[in-house]
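The block underneath contains the structure these notes are about, expressed in structure tokens.
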Amino acid sequence: MFRRRDGVPVPLLTYWTWQYLLVLFGSLAFLAVLAVVWLQSNAYSQAYEMMEVRATQLADSIGQTIDAAGSLKNLRPYRELRNEKFILQVFDEQGHELVFLKGQNPDLPDEVRRESKKRATVLKNNVLHEEIETDQENWLRVGVPVQMSDNKTYALYLMLPKDVAIPHVTRQFGVVVMLIIGVALAGWLFIYVLSRRMTRPLRQLARAAQQIAEGGYNPVLPAGVKEKELQQLLTSFHNMATRLRQLEQMRTDLLAGISHELRTPITSIRGMIQAVQSKVVTNEEADEFLQISLDESKRLQSMVEQLLHVSALETGAQEFTRQKVDLVALVEEVIQQLSVLPPFASVEFQRELPPGPVWVSGDAGALRQVLLNLLSNSKHARPTLDTPLEMRLTVDVQDERVALDVADNGTGILEEEQPYIFERFFRGQERPRGSHGLGLGLHLSRLLARGQGGDLVLVKSDEHGTTFRLLMKKTPPR
Numbered sequence: 287m288f289r290r291r292d293g294v295p296v297p298l299l300t301y302w303t304w305q306y307l308l309v310l311f312g313s314l315a316f317l318a319v320l321a322v323v324w325l326q327s328n329a330y331s332q333a334y335e336m337m338e339v340r341a342t343q344l345a346d347s348i349g350q351t352i353d354a355a356g357s358l359k360n361l362r363p364y365r366e367l368r369n370e371k372f373i374l375q376v377f378d379e380q381g382h383e384l385v386f387l388k389g390q391n392p393d394l395p396d397e398v399r400r401e402s403k404k405r406a407t408v409l410k411n412n413v414l415h416e417e418i419e420t421d422q423e424n425w426l427r428v429g430v431p432v433q434m435s436d437n438k439t440y441a442l443y444l445m446l447p448k449d450v451a452i453p454h455v456t457r458q459f460g461v462v463v464m465l466i467i468g469v470a471l472a473g474w475l476f477i478y479v480l481s482r483r484m485t486r487p488l489r490q491l492a493r494a495a496q497q498i499a500e501g502g503y504n505p506v507l508p509a510g511v512k513e514k515e516l517q518q519l520l521t522s523f524h525n526m527a528t529r530l531r532q533l534e535q536m537r538t539d540l541l542a543g544i545s546h547e548l549r550t551p552i553t554s555i556r557g558m559i560q561a562v563q564s565k566v567v568t569n570e571e572a573d574e575f576l577q578i579s580l581d582e583s584k585r586l587q588s589m590v591e592q593l594l595h596v597s598a599l600e601t602g603a604q605e606f607t608r609q610k611v612d613l614v615a616l617v618e619e620v621i622q623q624l625s626v627l628p629p630f631a632s633v634e635f636q637r638e639l640p641p642g643p644v645w646v647s648g649d650a651g652a653l654r655q656v657l658l659n660l661l662s663n664s665k666h667a668r669p670t671l672d673t674p675l676e677m678r679l680t681v682d683v684q685d686e687r688v689a690l691d692v693a694d695n696g697t698g699i700l701e702e703e704q705p706y707i708f709e710r711f712f713r714g715q716e717r718p719r720g721s722h723g724l725g726l727g728l729h730l731s732r733l734l735a736r737g738q739g740g741d742l743v744l745v746k747s748d749e750h751g752t753t754f755r756l757l758m759k760k761t762p763p764r
């Protein structure tokens, strides 16, 4: 019912309308059964009460009008029964029929004329209610005791066809059926309108998603939605569209930047080699041009290798050599290695390291590369020419992990750029002049950290500096 034969799902409006309609009809059908049972029980009860009152009245008068021979002395009080469909019977204690009066009932089945098997119940001064089933129609019978003047007790039975005793039940059933149909139609209409109202923003969101799929990142979203859940959905969808728009703009800018970064060394190498080949420069100047070309080719090779490295990490092609690494010793080695390099000559390295070794599980080469990338990024964040750049490296041993914080006192990262710094090819707007790169450093560092079961996160970044944290799994001492 809710899926076409070709496997295509039906619209949400149709699906929920049918679902609600089935539940509504099921509930109404259950209520209808209860109503029918109650109406039938109430109709039987009223019919028996009416017949019991009539039978009790007749019993009082019959006790005074039956003679010693068991015959009615005066039939005048009972002539009114002839114009009705009542049947009146009186039996003595031995089961002999003393009185039989029949109204407008020409054909009387034997089952009705026969005395009740529960005569003893009536003779014990109890009231009898029973239904007699025949091939033609059913009858209702009420039995009441008759107290005679000689202290004898007779049994009086008053019988009436069921259709006569309960004539209004069929009409009541019809009213119930019509009421149920009316409520069902009204409920279906209400459910349809409500479902249509609820699914309208979903249909608009579906169209907006199609617009995004086609490359339009400014979709028209529904407005005036009051439902909390739908508002949350719209907010999330709007944030997603905004993020996709930013990422698409970032991708366009990064492709342009990467093209520039790759084209610049190629153009430089080509121009210098042509100058040497054409004898425009000679001797020492030619050697200088060739050295610059060699340096540019090395930089170009480094970019290509970095791209290949990132690709290998993202596809899981690179394997790590997991071993125990002393993180404290590794930090000291990296600081000593960088301290002798001219770009780090003015950097003040500060350490907060435990006195003994701290063992982590990882690849020593990959960890070294992550640390070098973080310190190289910090080198470009010098606050001012008059303020020395400080780098603080802190190792904190936790229960199951070891945290290595790399902090600087640089200019920090713009707040709006912080969510994207680990994206591929992301390069901040406020890059230092003369800096080169594809924007893969932090992305590559996070891949290296996660490839070893660790992680790399940004702890904080503001005008007072930036702190990155490398998390690695702790291992027992050797």
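Convert by adding 286 to the 1-based position in the sequence shown; the result is the number in our numbering. Glycine residues also receive a C-beta, built at the ideal position from the N, C-alpha and C atoms. Remember, it's a predicted structure, so these values are computed and weren't measured experimentally.
Counting only the same chain and skipping the five closest in sequence on each side, list residues whose C-beta sits under 6 Å from that of residue i.
{"i": "Tyr306", "result": "Ile477"}
{"i": "Ala451", "result": "Ala333, Leu426"}
{"i": "Thr753", "result": "Asp691, Ala693, Val745, Lys746"}
{"i": "Arg405", "result": "Ala441"}
{"i": "Ala650", "result": "Val611"}
{"i": "Val432", "result": "Ala345, Ile348, Gly349, Tyr440, Leu442"}
Leaving out five residues before and five after residue i in sequence, what residues of the same chain have Cβ atoms less than 8 Å from its Cβ?
{"i": "Ala315", "result": "Ile466"}
{"i": "Ser583", "result": "Pro551, Ile555"}
{"i": "Trp645", "result": "Lys610, Val611, Asp612, Leu613, Lys760, Thr761, Pro762, Pro763, Arg764"}
{"i": "Gln684", "result": "Lys760"}
{"i": "Met337", "result": "Leu426, Val428, Leu444, Leu446, Ala451"}
Please classify residue i as buried or exposed, where buried requires at least 16 neighbouring CB atoms within 10 angstroms.
{"i": "Thr768", "result": "Limits of the chain in this structure are 287 at one end and 764 at the other, which puts residue 768 out of reach."}
{"i": "Trp425", "result": "buried"}
{"i": "Pro628", "result": "exposed"}
{"i": "His382", "result": "exposed"}
{"i": "Asn659", "result": "buried"}
{"i": "Leu481", "result": "Sequence inspection shows Ser at residue 481; the Leu mentioned does not correspond to that position. Answer is buried; the Cβ neighbour count reaches 16."}
{"i": "Pro640", "result": "exposed"}
{"i": "Ala603", "result": "exposed"}
{"i": "Phe712", "result": "buried"}
{"i": "Ser545", "result": "exposed"}
{"i": "Leu541", "result": "exposed"}
{"i": "Arg719", "result": "With a pLDDT of 49 at Arg719, under the threshold of 50, the modelled position of this residue cannot be trusted, and the question is left open."}
{"i": "Val430", "result": "buried"}
{"i": "His524", "result": "exposed"}
{"i": "Pro705", "result": "exposed"}
{"i": "Ala667", "result": "buried"}
{"i": "Glu749", "result": "exposed"}
{"i": "Leu616", "result": "buried"}
{"i": "Gly502", "result": "exposed"}
Nearest CA to the CA of residue i: which residue from the options?
{"i": "Val743", "options": "Glu702, Pro763, Leu690, Asn695", "result": "Leu690"}
{"i": "Ala822", "options": "Tyr334, Phe459, Gln655", "result": "In the structure as shown, the chain starts at 287 and stops at 764, and residue 822 therefore has no counterpart that could be examined."}
{"i": "Lys388", "options": "Arg537, Phe711, Arg654, Val376", "result": "Val376"}
{"i": "Thr761", "options": "Gln738, Phe635, Phe630", "result": "Gln738"}
{"i": "Ala735", "options": "Lys746, Asp748, Arg755, Gly725", "result": "Arg755"}
{"i": "Leu599", "options": "Val428, Ser625, Val617, Arg732", "result": "Arg732"}
{"i": "Leu384", "options": "Tyr443, Thr420, Val398", "result": "Tyr443"}
{"i": "Ser402", "options": "Thr607, Glu416, Glu570, Val620", "result": "Glu416"}
{"i": "Ile793", "options": "Val398, Glu379, Gln380", "result": "This structure does not reach residue 793, given that the chain is present from 287 up to 764, and the question cannot be answered."}
{"i": "Leu475", "options": "Arg710, Ser662, Trp302", "result": "Trp302"}
{"i": "Leu491", "options": "Ala472, Asn569, Leu471, Met526", "result": "Met526"}
{"i": "Thr553", "options": "Ile498, Asp573, Gly502, Leu586", "result": "Leu586"}
{"i": "Arg483", "options": "Thr300, Leu679, Ile707", "result": "Thr300"}
{"i": "Arg340", "options": "Asp378, Pro395, Val413", "result": "Val413"}
{"i": "Val511", "options": "Thr521, Gly502, Gly727", "result": "Thr521"}
{"i": "Gly725", "options": "Ser588, Ser632, Gln622, Val681", "result": "Ser588"}
{"i": "Glu534", "options": "Ile498, Ile707, Gly740", "result": "Ile498"}
{"i": "Arg678", "options": "Val506, Glu638, Glu703", "result": "Glu638"}
Going along the chain, which residues of its own chain have a beta-carbon closer than 7 Å to the beta-carbon of residue i, five neighbours each way excluded?
{"i": "Met558", "result": "Phe575, Ile578, Ser579"}
{"i": "Gly751", "result": "Ala693, Asp694, Asn695, Gly696, Gly698"}
{"i": "Ala318", "result": "Val462, Ile466"}
{"i": "Glu676", "result": "Glu634, Gln636, Asp694, Asn695"}
{"i": "Ile418", "result": "Glu397, Val398, Asn424, Trp425, Arg427"}
{"i": "Arg687", "result": "Leu757, Met758, Lys759, Lys760"}
What does residue i pair with, by DSSP beta-bridge criteria?
{"i": "Glu578", "result": "Sequence inspection shows Ile at residue 578; the Glu mentioned does not correspond to that position. Looking at the DSSP assignment, Ile578 forms no beta bridge with any residue, so it has no partner."}
{"i": "Arg415", "result": "A small fix is needed here, since residue 415 is His in this sequence, not Arg. Answer is Val428."}
{"i": "Val385", "result": "Val376"}
{"i": "Asp748", "result": "Gly751"}
{"i": "Val688", "result": "Val683, Met758"}
{"i": "Val743", "result": "Arg755"}
{"i": "Ala693", "result": "Arg678, Thr753"}
Segments of 3+ residues assigned as beta strand (DSSP E) that fall wholly inside the segment 425 to 467
Look at the segment 425 to 467 and you find these whole runs of beta strand (DSSP E), each 3 residues long or longer: 425 to 433, 439 to 447.
3-residue-minimum beta strand (DSSP E) runs that sit fully inside the segment 582 to 647, ordered along the chain:
The DSSP assignment places 609 to 612, 634 to 638 as complete runs of the beta strand (DSSP E) inside the segment 582 to 647, in order along the chain (cut-off: 3 residues).
Those runs of the alpha helix (DSSP H) which lie wholly inside the segment 485 to 549 and span at least 4 residues
With a minimum length of 4 residues, no continuous alpha helix (DSSP H) run stays inside the segment 485 to 549.
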